[in-house]
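Enquirer: One line per chain: the protein sequences are A and B, in this order. Going left to right, the first sequence walks through residues 0 to 218 as numbering that gives the first Met the number 0 numbers them. Going left to right, the second sequence walks through residues 0 to 218 as numbering that gives the first Met the number 0 numbers them. We put the beta carbon where it would ideally sit given N, CA and C, even for glycine. Below you will find the structure I want to go over with you.
2 protein chains.
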Amino acid sequence: MKKYMEILRSCPLFDGIGNENLTSMLACLGGRTAFFSKKETVIAEGSEADCIGIVLSGTLQIEMNDYFGNRTILGTASPSELFGEAFACADLKAIPVNVVAVRDSEVLFIEKQRIAHPCSNACDFHRRIIYNLLKIVAEKNLMLQQKAQITAKRTTREKLTAYLLSQAKRNNSHSFDIPFNRQELADFLQVDRSGLSAEISKMKKEGIINCRKNHFELL
Amino acid sequence: MKKYMEILRSCPLFDGIGNENLTSMLACLGGRTAFFSKKETVIAEGSEADCIGIVLSGTLQIEMNDYFGNRTILGTASPSELFGEAFACADLKAIPVNVVAVRDSEVLFIEKQRIAHPCSNACDFHRRIIYNLLKIVAEKNLMLQQKAQITAKRTTREKLTAYLLSQAKRNNSHSFDIPFNRQELADFLQVDRSGLSAEISKMKKEGIINCRKNHFELL
DNA sequence: GAATGTATGTTGAAAATTCAACAAAAAGGA
DNA sequence: TCCTTTTTGTTGAATTTTCAACATACATTC
Chain A
0 MKKYMEILRS CPLFDGIGNE NLTSMLACLG GRTAFFSKKE TVIAEGSEAD
50 CIGIVLSGTL QIEMNDYFGN RTILGTASPS ELFGEAFACA DLKAIPVNVV
100 AVRDSEVLFI EKQRIAHPCS NACDFHRRII YNLLKIVAEK NLMLQQKAQI
150 TAKRTTREKL TAYLLSQAKR NNSHSFDIPF NRQELADFLQ VDRSGLSAEI
200 SKMKKEGIIN CRKNHFELL
Chain B
0 MKKYMEILRS CPLFDGIGNE NLTSMLACLG GRTAFFSKKE TVIAEGSEAD
50 CIGIVLSGTL QIEMNDYFGN RTILGTASPS ELFGEAFACA DLKAIPVNVV
100 AVRDSEVLFI EKQRIAHPCS NACDFHRRII YNLLKIVAEK NLMLQQKAQI
150 TAKRTTREKL TAYLLSQAKR NNSHSFDIPF NRQELADFLQ VDRSGLSAEI
200 SKMKKEGIIN CRKNHFELL
């Protein structure tokens, strides 16, 4: 755990908790780390929502699959980010999504009970954590709304443009990497992969964008 | 306010707060009621996110509009339900949506500061309210994910079917009312209105569904 | 109850997506 | 390095959506 203290310090769940207190806080919260190889399932649809996850290394993807096998990517989780917190906080019986590791990843699981019920020591920080959690869940809400705004567009080009603009804004630059390959981007934008490839090519030819693999540039 | 005590008692924000305590709690939280006529804007995009709203009567709709005027309906809020809580909890400067009254509505606004900062009296219940709020925001998260699952479908028929099935499940019946007219349903499902009407007609002819206005029946 | 406005249904043409199949390029492993 | 696998790009046909225009049904108001 020592080697991931830096990650945990920057985890929004522990905002406002001093370095000294973080260690005791972590001891109090318990938690177990787990390693997942690339493509391995971190949380399977239908499993119990009793834990909140924190990404320590690697990248996770939150996906939904209908029963025709069509995938929808809801989002990604990078080091120091949380996942599964909404299901835990909503007291859901069964988790309705799949979480998979896009690359080798390490994860810290904390039981929601440990967060919900204040402990005897360190209780001052406990309240802070609840507030942080509330903010995190609310912010994830906004991300989902932003995704809705993107996928609400009716054409592949409009969706792609809206997404790229949001990424450029987020990175404060016209040049940035996206966390998706082509198939994943298509599953995020909810469009056909081949159609997406075609649209990207067309926009390149028109001189609107430039890209190579997952690096994009708005011109 | 007296006339709306029943509504407030069933508001999930006050879950676990006894009747006697609710009155003092409300006094402590402050808040102001406001009336909105049908079609009036309750919260305009860009305004400050310093309040949480509770619907006392009527129905509200949460919408987003891009700058071509295309509307996306994110959801509705009925009596005893909250709105705007995600923006307040995420400490957003500007609200990114419009909230409009679909019919004459009354609303109770509570400043987020009053909720975030514990008061001197009634503090036991204050903590309960924070937990309730966390659960509400998390549940709204799930609703957005469910909406994503519906709009992820590629054809109008698939979207409509997925939506109707979710409503049937929610109502525990094959026969139910939906909170949308045709245009609103189209804006929720993110499809063309005329195409939606055509699809509904076709499904009626095929004997799959039956409907009249906003009442639907799955056969 | 007549008139006006709004909501819904219908249609056909244009545009866009999806689908399937394959080619080319890149990545990974032996 | 060679071979295999995965990813990405390309294409054309079929399907579906969108768009515009109009007809009809329903509501509301005076």
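When Cβ atoms are compared, which residues of the segment 83-116 of chain A fall closer than 9 Å to chain B?
Expert: So the close ones are E84, A85, F86, A87, C88, A89, D90, L91, P95, V96 and A115.
Enquirer: What did DSSP end up calling E183/A once you bin it into helix, strand or coil?
Expert: Note: E183/A maps to helix in three-state DSSP.
Enquirer: Do you know how far the Cα of N170/A is from the Cα of I207/A?
Expert: Their Cα atoms are separated by approximately 19 Å.
Enquirer: Helix, strand or coil for H116/A, going by three-state DSSP, please let me know.
Expert: Correct three-state label for H116/A: coil.
Enquirer: So with CB distances below 9 Å, who are the chain B contacts of A48/A?
Expert: What A48/A touches in chain B: nothing, since even the nearest Cβ is about 10 Å away.
Enquirer: Starting from S56/A and walking both ways along the beta strand (DSSP E), at which residues does that stretch end?
Expert: From DSSP, the beta strand (DSSP E) with S56/A extends over C50 to S56.
Enquirer: Mapping the DSSP letters down to three states, classify D176/A as helix, strand or coil.
Expert: Three-state DSSP puts D176/A in a strand.
Enquirer: List in chain order: all unbroken beta strand (DSSP E) runs of 3+ residues lying wholly within the segment 49-105 of chain A.
Expert: Counting only runs of 3 or more, we get 50-56, 59-64, 70-76 and 97-100.
Enquirer: Does the beta-carbon distance from I177/B to A161/B come in below 8 Å?
Expert: Taking 8 Å as the Cβ cut-off, I177/B and A161/B do not qualify as a contacting pair.
Enquirer: By the 10 Å Cβ neighbour count, where 16 or more other Cβ atoms means buried, how is G52/A classified, buried or exposed?
Expert: Buried is the call here.
Enquirer: Could you check where the beta strand (DSSP E) with E216/B kicks off and where it finishes?
Expert: It spans H214 to L217 - the beta strand (DSSP E) in which E216/B sits, taken as one unbroken run.
Enquirer: Shortest alpha-carbon distance to S46/A belongs to which of A100/A, P95/A and A197/A?
Expert: Checked all of A100/A, P95/A and A197/A; the closest Cα to S46/A is P95/A.
Enquirer: Counting only runs that start and end within the segment 126-164 of chain A, where is the alpha helix (DSSP H) found for 4 or more residues in a row?
Expert: Here no run is fully enclosed.
Enquirer: Verify the CB distance criterion: does V136/A have a CB-CB separation below 8 Å to chain B?
Expert: Output row for V136/A: interface = yes.
Enquirer: Answer with yes or no whether the minimum CB distance from L25/B to chain A is below 8 Å.
Expert: Closer than 8 Å: no.
Enquirer: Can you tell me where the alpha helix (DSSP H) with C27/A in it begins and where it stops?
Expert: Note, C27/A: alpha helix (DSSP H), N18 to L28.
Enquirer: What number of angstroms, rounded off, separates the C-alpha of L59/B from the C-alpha of K139/B?
Expert: Roughly 15 Å separates the two Cα atoms.
Enquirer: With three or more C-beta pairs closer than 8 Å as the rule, is the segment 103-110 of chain A touching the segment 60-74 of chain B?
Expert: Touching, no.
Enquirer: Please determine if the segment 84-91 of chain A and the segment 124-136 of chain B are in contact, where contact requires at least 3 C-beta pairs separated by less than 8 Å.
Expert: Flag = yes, the segment 84-91 of chain A and the segment 124-136 of chain B touch.
Enquirer: Would you mind reading off the limits of the alpha helix (DSSP H) that contains I199/B?
Expert: Here the alpha helix (DSSP H) through I199/B covers R192 to K204.
Enquirer: Chain B partners of K146/A, CB-CB under 8 Å?
Expert: Correct list: A147.
Enquirer: Could you give the residue range of the alpha helix (DSSP H) that holds I42/A?
Expert: Unbroken run through I42/A is the beta strand (DSSP E), T40 to I42; no alpha helix (DSSP H).
Enquirer: Give me the subset of the segment 175-195 of chain A whose CB atoms are less than 7 Å from a CB atom of chain B, sorted by chain position.
Expert: Within the segment 175-195 of chain A, the qualifying residues are Q189.
Enquirer: Can you list, in chain order, the residues of its chain whose CB lies under 7 Å from that of L217/A, leaving out five sequence neighbours each side?
Expert: These residues qualify, in order along the chain: L163, A167, H173 and I208.
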